[in-house]
Amino acid sequence: MDKKLVLFLIVLPLFYIAKAQRFDGGLLAGFNGSQVTGVQYNGMFVKGYHKPGVIIGGYVETYVAKAVFAAMEIKYSQRGARNKVTEKNPEKYVMRLGYIDVPVYLGFHTNPKGAVVGGVSFGYLVSSNELDNYGQLPEGDLLPFNTIDIQPFVGFQFDFLDRVKTDLRFALSVLPIRELPGEGTNYYIYNNQFSKVISLAAYYQLGR
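Under numbering that gives the first Met the number 0, think of the first position of the sequence shown as 0, with each following residue one higher.
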């Protein structure tokens with residue numbers, strides 16, 4: 000699907016929601032640093048938040064109490080895993096995943112400019128591929144990814160301009176993004192792969 004069409008379909012519904020009297024809304028853009036647990040390539044674990052990705056979409060929010068607001072986002076989010084190439088570990092490996100995410104959350108203002116946020120993000124996988132030194136991995140070597148991802152998250156928002164705020168958050172999948180091959184263990188987390196994401200984004204309020 001054309002990326003411009005995807006972005007249009009993401010943002011358009013939020014513009015209509017934000018027109019309601021009690022709602023504010025706008026655009027967001029930023030970056031992810033991500034990793035996936037349980038990833039091995041050539042016998043070595045791929046660890047660390049070395050896979051960068053972009054975030055782009057829109058949001059709406061409304062105050063439900065004096066210092067408490069509820070919010071929803073619809074955004075395109077890139078994440079996955081990447082092996083950090085070194086002299087001791089020269090093998091290239093990259094997992095690229097693209098999701099349409101719909102986070103819903105509450106924010107609690109700790110001061111006039113800062114707020115703690117927490118909620119759940121529901122993701123739908125729209126693209127995936129894996130690469131090594133020789134290019135894209137053969138289809139026969141690939142394990143299927145699960146379509147749905149659910150990530151609880153916590154974070155912090157800071158208003159540094161009248162219409163602009165930043166958002167820093169950490170998210171962890173509770174549903175596996177895919178199952179690991181071979182015999183299972185008695186531990187759920189060791190039988191599957193899970194996504195971990197640290198994100199930083201800027202939010203621009205439209206309208207008022």
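Each residue gets a CB set at the ideal place from its N, CA and C atoms; glycine is no exception.
All values reported here derive from a predicted model rather than from experimental measurement.
Just mark residue i as buried or exposed, buried being the case when its beta carbon has 16 or more other beta carbons within 10 Å.
i, result
"Arg-81", "buried"
"Lys-46", "exposed"
"Met-0", "Because the pLDDT at Met-0 is just 49, under 50, the model does not fix this residue reliably, and the value given afterwards should be weighed accordingly. Exposed."
"Ala-19", "Here Ala-19 scores only 49 on pLDDT, less than 50, and its place in the model should not be relied on; the value that follows carries that caveat. When all chains shown are included, Ala-19 counts as exposed."
"Glu-86", "exposed"
"Val-115", "exposed"
Just to confirm, are residue i and residue j a CB contact at a threshold of 8 Å?
i, j, result
"Tyr-98", "Tyr-123", "yes"
"Gly-79", "Arg-95", "yes"
"Tyr-48", "Gln-39", "no"
"Phe-22", "Val-63", "no"
"Glu-90", "Asp-140", "no"
"Glu-72", "Leu-27", "yes"
Distance check for residue j and residue i, CA to CA, integer angstroms please.
i, j, result
"Ala-17", "Val-67", "Caution applies to Ala-17, whose pLDDT of 49 falls short of 50 and renders its modelled position unreliable; the value that the coordinates give is listed next. For Ala-17 and Val-67, the distance between alpha carbons rounds to 18 Å."
"Ile-147", "Val-125", "10 Å"
"Gly-106", "Tyr-133", "46 Å"
"Val-84", "Gln-150", "28 Å"
"Ser-198", "Pro-137", "31 Å"
"Asn-128", "Leu-171", "21 Å"
"Phe-144", "Phe-44", "19 Å"
"Tyr-203", "Phe-121", "22 Å"
"Gly-206", "Val-163", "12 Å"
"Gln-77", "Ile-54", "7 Å"
Between the Cα of residue i and those of the options, spot the shortest distance and give me the residue it belongs to.
i, options, result
"Arg-101", "Asp-158, Ala-114 and Gly-118", "The sequence given here has Val at residue 101, not Arg. Comparing Cα-Cα distances from Val-101 to each of Asp-158, Ala-114 and Gly-118, the minimum goes to Gly-118."
"Lys-195", "Ala-28, Pro-51, Gly-25 and Gly-24", "Pro-51"
"Tyr-189", "Val-173, Ala-201 and Lys-91", "Val-173"
"Gly-154", "Leu-141, Thr-165 and Tyr-186", "Thr-165"
"Gly-37", "Asn-31, Ala-201, Lys-87 and Phe-193", "Phe-193"
"Phe-169", "Tyr-75, Arg-162 and Gly-32", "Gly-32"
"Lys-74", "Gly-56, Val-63, Tyr-62 and Tyr-203", "Gly-56"
"Thr-61", "Gly-25, Asn-88, Val-53 and Ser-76", "Gly-25"
"Gln-156", "Pro-143, Phe-121, Ser-127 and Ala-200", "Ala-200"
List the endpoints of the continuous beta strand (DSSP E) containing residue i.
i, result
"Val-53", "50-64"
"Val-67", "67-81"
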